[in-house]
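Taking it in order: structure first as structure tokens, then the write-up.
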Amino acid sequence: MTALLVLLQTALLVALAPLFNGVVGALKARLQMRRGAPVWQRYADLARLMGKESVISEDASWLARAVPYLTLAAILVAASWTPVLLARSGMSFAGDLVMTVALLAAARVLQALAALEAGTTFGGMGASRHLALSGLAEPALMLAVFTLAIGAHSTDLSTISRAVATAPLGWLSPSHLLALAAIWLVVVSETGRVPVDNPVTHLELTMIHEALVLEYSGRHLALLEWAGAVRQMVLLTLVASLFLPWGIALEPGSVALWRGLAAWLGKLLAFAVVIAVSESVTAKMRLFRVPEFLGMAFLLSLLALASASLLR
Amino acid sequence: MTLARPEERFPLERALRGIRERFADAVIDADRMSLREHLVVVPAARLPEVAGAIPREWGGALIAAFALDEREPHGRFRLHYQFSMAPEDAVLTLIAAVPGEAPAFPSVTPAVPAAHWLEREMRDLLGVIPEGHPDPRPLVAHDGWPEGAYPLRKDFAPPHTWSWAPRFAFSPVEGEGVFEIPVGPTHAGIIESGHFRFSSVGEAILKLEVRLGWKYRGLETLVQGQPLSRGLEIAERACGMCAFSHALAFSIAVEELSGALPPPRARAIRSLAGELERLVNHVGDIAGMLTDVAYVAGAAEGLRIKEVLQQAGDVLFGQRFLRGVCVPGGVRRDLDEAQQRWLRDVLSAVRADVEDLVRSCLANAAVLDRLQGTGRLAREVAADLGVTGPAARASGIPRDARRDHPYAAYRELDFQVPVREGGDVLARLEVRADEIHESLNIIDQLLLRLPGGPLVQRLGGLTPGRWGLGLVESPRGLLVHWLRPGPGGSVADWRVRSPSHANWPAVAHAVLDDIVPDFPLINKSFNLCYACVDR
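These protein sequences, in sequence, are chains P and G. Just so you know, we're using this note's numbering here: the first sequence kicks off at 80 and counts up by one. Just so you know, we're using this note's numbering here: the second sequence kicks off at 69 and counts up by one.
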């Protein structure tokens, strides 16, 4: 039963990841008064890429071939203990909050290394930008989640989720709200969204995340795109299950699980709307402003941690 | 408005007098080609000093320079350096002869930086060497261009074999932490072919070299010997986005030669179509800038308005890019009462939508932050490089051929020439926004009292040995067509100087002190045409 639930939750994250991007794209198109592509478009894109030949630079080593699989694997592992429907994990023995952050970082480093493999300019530029920004985003992410870990006396994701869900009005505390604001900024940056990055740009010189995958094609590109989508799902689900855990099932049971599913989907839809609206009404920041943006995320999470320690 | 002192209002007079006084020993001949164009013939050896004095002393601006192959029958090449003497409606042309054997002349570029690309083209296309040019590398001639193949020489025949010797090397910047970033000519998106070589430290741009000419088509060679009608068709296809301006400049050059003035209704429709083309371009450029800062809602609205305008062109003139509207002597399309009413309705909606769009993006702090101070082009640099169009007006240079060298119906129209001092991306966007407003006003005036009468004036015979000059303010700036007829109404020589040709070198200056990821935005704010350069 527990193993089945682990599988089910991971499968949901993996299967619905492209749909989330499709929904954001469709909502953005609506906001621009365009008809836009159907929400299923991302699945069609992945299928198309899967059927295409993959070209790898002659100068690249085995790493370039291995990285798409390694990246996807790292993110799948992190997804496996992310509480989606149920705030009790069968995978608590395997990993916790620190491990999630570490796996996401490992995937990122792998991608940056692979981007350097072909020896092209844009890969190097993208890798340097990506790592610089991640180096700023990660501490903010850690501190924001540690704020909750302090309250829950555990770094286990399900325990944190359960603690927040059961604490009456605990989410109204200043530390919780500050940490929520901080992690949202981090998620925006880590998923390559406006105002930090532009996910639909074709201008190589401005790319951050897109530049990392510029050299990939065919099934390798499909795997990396999918891995990126799953990573986004994991981050958003962390926000949903840790910071806004209402509706999540506390005990396994079909009614509770269905309710957990509905709540999770509802929260994701709300996130999609927030992302689509904010991507439509704002412009991308100048690259050198992004550190200020992430500095703000860090400051917010530091304040959250401080107030959590002081007001305990 | 304050009245300028007489000598400021008549710079041509001052320049001609000044040249006669200061370079008395250099002037071989002085003449007048047309109402507008005045000629001064000097020996090639004295070209740099005379040419250098015209912008420096008398405020002339170099608008075109080219060489002509006259080895048959005169045994020489001939150089033309054309200066606009705005605000006076006058063009001063310096003419010099270069020997047909081992052609070379002292380069004008050190004295007039605006001649930079023009002189490099003389070397590539005609083998006339500007000696002492600061950058002797080829401009159009890429690797693989055969030695000794000069497409604008009269005896040019496309060679059968192509050598692949490298002819061009980028000049690297050296030092610790300096990287070279090569971009293009193949890009990730659907962008024209251009190569950009950045030298950067981290994200800061130290130097940018722009390399164009990947798709040089040799239109100027192609037109030689063709009948005028065929010449017009080719000229019109020099560029997609400003096809009407090209056709108009070509037509004006032909009309100047034949002494035919198009009838009033034709001139009004020409102004109308020209402004429609400007609207399409300016709205599209604003949408492009908003796309590059990822302000997608504004960009989508801008692209929608652009589409409305292009469809209006299709409905009224039968062609989205307004091709085939303008012919020498007049226009081929009329607007009846119903069409005029319809256009007025379309444009009043466009006016409201554009005002909304511009207001919303200039009220958005995130958008403003990207535009302000980015890609600054100083007024002095812009003036030295002979920058034209909205890019010049955004750097405080109030030049506009519609006012300075009126054509079509602009003499009778009331309009402002918007100018900004900032020289940054924001200033270029604001100038375009203001010009959209002025263009709509101009079309309103035209629709209010469209003159009656015929659409075409019959052309008289072309006088061989003379030439015609067509000056048009295209959406990107001053477009120059120069045309010399041959026997039987064919084209003997045709030269084009497009505003993009004048403005490309300025992009490399505007990006200095900016960062690599801001380059696409800065480039878009100039929105230069590749096809106009690779003509």
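Heads up, the beta-carbon is just placed ideally off N, CA and C, and yes, glycines get one too. Because the structure is a prediction, the values reported are computed rather than measured.
Checklist entry - Taking just the CA atoms, how far does R167 of chain P sit from V85 of chain P? => result 10 Å
Next item on the list: Under 7 Å Cβ to Cβ from E140 of chain G, same chain only, skipping five residues before and after it: list those, please.
Entry: Take E140 of chain G, set aside five residues on each side of it, and the residues of its chain with a beta-carbon closer than 7 Å to its own are K222, in chain order.
On the CB-based measure, 16 or more other CB atoms within 10 Å of its CB, does A237 of chain G come out buried or exposed?
exposed
- Task: Measure the alpha-carbon distance for E358 of chain P versus L530 of chain G and round it to whole angstroms.
- Result: Each residue's Cα considered, the two are about 60 Å apart.
TODO: At 4 residues or longer, and completely inside the segment 253-313 of chain G: list those alpha helix (DSSP H) runs for me, N to C.
DONE: 287-291 and 296-304
* Asked: Going along the chain, which residues of the segment 113-125 of chain P sit with their C-beta nearer than 7 Å to a C-beta in chain G?
  -> R113
Report buried or exposed for K131 of chain P, applying the criterion of at least 16 other Cβ atoms within 10 angstroms of its Cβ.
Classification of K131 of chain P: exposed, given that the 10 Å Cβ count is below 16.
Strictly under 8 Å for the Cβ-Cβ distance: is R461 of chain G near chain P by that measure? no
Practice item. Indicate whether the contact test is met: 3 or more Cβ pairs, each with one atom in the segment 434-448 of chain G and one in the segment 584-591 of chain G, closer than 8 Å. Key: yes
Fill in: With 16 other Cβ atoms within 10 Å as the buried cut-off, status of P240 of chain G
Counting Cβ neighbours within 10 Å, P240 of chain G comes out exposed, since fewer than 16 surround it.
| task | Could you list which residues in chain B have their beta carbon closer than 8 Å to that of F367 of chain P, in chain order? | result | Of the chains in the structure shown, none is chain B; the protein chains are P and G.
**Study point:** Where G120 of chain G sits in the DSSP three-state scheme
**Key:** Of the three classes helix, strand and coil, the one that applies to G120 of chain G here is helix, per DSSP.
> Using a Cβ-Cβ distance under 8 Å, would P370 of chain P count as near chain G?
Replying inline: no
Test item: CB-CB of V422 of chain G and I373 of chain G under 8 Å = yes
Practice problem: Output, in chain order, the set of chain G residues within a Cβ distance shorter than 8 Å of L100 of chain P. | Solution: Position check: residue 100 of chain P holds Asn in this sequence, whereas Leu was assumed. Here the premise fails: no neighbours, minimum Cβ distance about 15 Å.
Checklist entry - Between which two residues does the beta strand (DSSP E) harbouring Y149 of chain G extend? => result R144 to S152
If the cut is a Cβ gap below 7 Å, which residues of chain P does F587 of chain G touch?
L284
- Query: Hey, V224 of chain P and L256 of chain P are a contact pair by Cβ (cut 8 Å); roughly how many whole angstroms apart?
  - Reply: Not quite, the Cβ-Cβ distance comes to about 15 Å (not below 8 Å), so this is no contact.
By the 10 Å Cβ neighbour count, where 16 or more other Cβ atoms means buried, how is W337 of chain P classified, buried or exposed?
Exposed: under 16 other Cβ atoms inside 10 Å.
* Asked: How long is the line joining the alpha carbons of A96 of chain P and R265 of chain G, rounded to whole angstroms?
  -> 38 Å
Quiz item: Just the Cα atoms here: how many angstroms apart are S102 of chain G and D157 of chain G?
Solution: Going by the C-alpha atoms only, they are around 12 Å apart.
**Prompt:** Which runs of the beta strand (DSSP E) spanning at least 3 residues fall entirely within the segment 174-240 of chain G, listed in chain order?
**Reply:** List check, beta strand (DSSP E) in window: 197-199.
Please compile the residues from chain P whose C-beta is within a distance smaller than 8 Å of the C-beta of R438 of chain G. A362, K363, M364 and R365
Cross-strand partners of L165 of chain P (DSSP beta bridge): P:A328
**Report entry** For R479 of chain G and L514 of chain G, the rounded distance between their alpha carbons
**Finding:** Their backbone Cα atoms lie some 12 Å apart in a straight line.
Taking C-beta pairs closer than 8 Å, name the residues in chain P that P251 of chain G reaches, listed in chain order.
-> Just to set this straight, residue 251 of chain G is Val in the shown sequence, not Pro. Neighbours of V251 of chain G on chain P, chain order: T200, E283 and L284.
Problem set entry | Whole-Å CB distance - L162 of chain G paired with V110 of chain G, under 8 Å assumed | 6 Å
I'd like to know whether the C-beta of L128 of chain P is nearer than 8 Å to at least one C-beta of chain G.
no
Next on the checklist: For a cutoff of 8 Å on Cβ pairs, would you count L159 of chain G as touching chain P?
Outcome noted: For the sequence presented, residue 159 of chain G should be read as Val rather than Leu. Not one chain P Cβ lies under 8 Å of V159 of chain G.
| query | Which two residues bound the contiguous alpha helix (DSSP H) that contains H255 of chain P? | reply | Per DSSP, the unbroken alpha helix (DSSP H) holding H255 of chain P starts and ends at P253 to E269.
Coarse secondary structure for C429 of chain G, derived from DSSP in three states = helix
Quiz item: Checking contacts by CB at 8 Å: is V493 of chain G closer than that to chain P?
Solution: no
- [ ] Compute the distance between the beta-carbons of I249 of chain G and S261 of chain G, then report whether it is under 8 Å.
- [x] no
Notebook entry, point to check: Hey, quick one: how far does the alpha helix (DSSP H) through W119 of chain P stretch, first residue to last?
Noted result: Segment: none, W119 of chain P is in no alpha helix (DSSP H) and carries neither H nor E.
Checklist line | Alpha carbon of C310 of chain G to alpha carbon of R298 of chain P, nearest angstrom | finding: 42 Å
Does S171 of chain P have its Cβ less than 8 Å from a Cβ in chain G?
no
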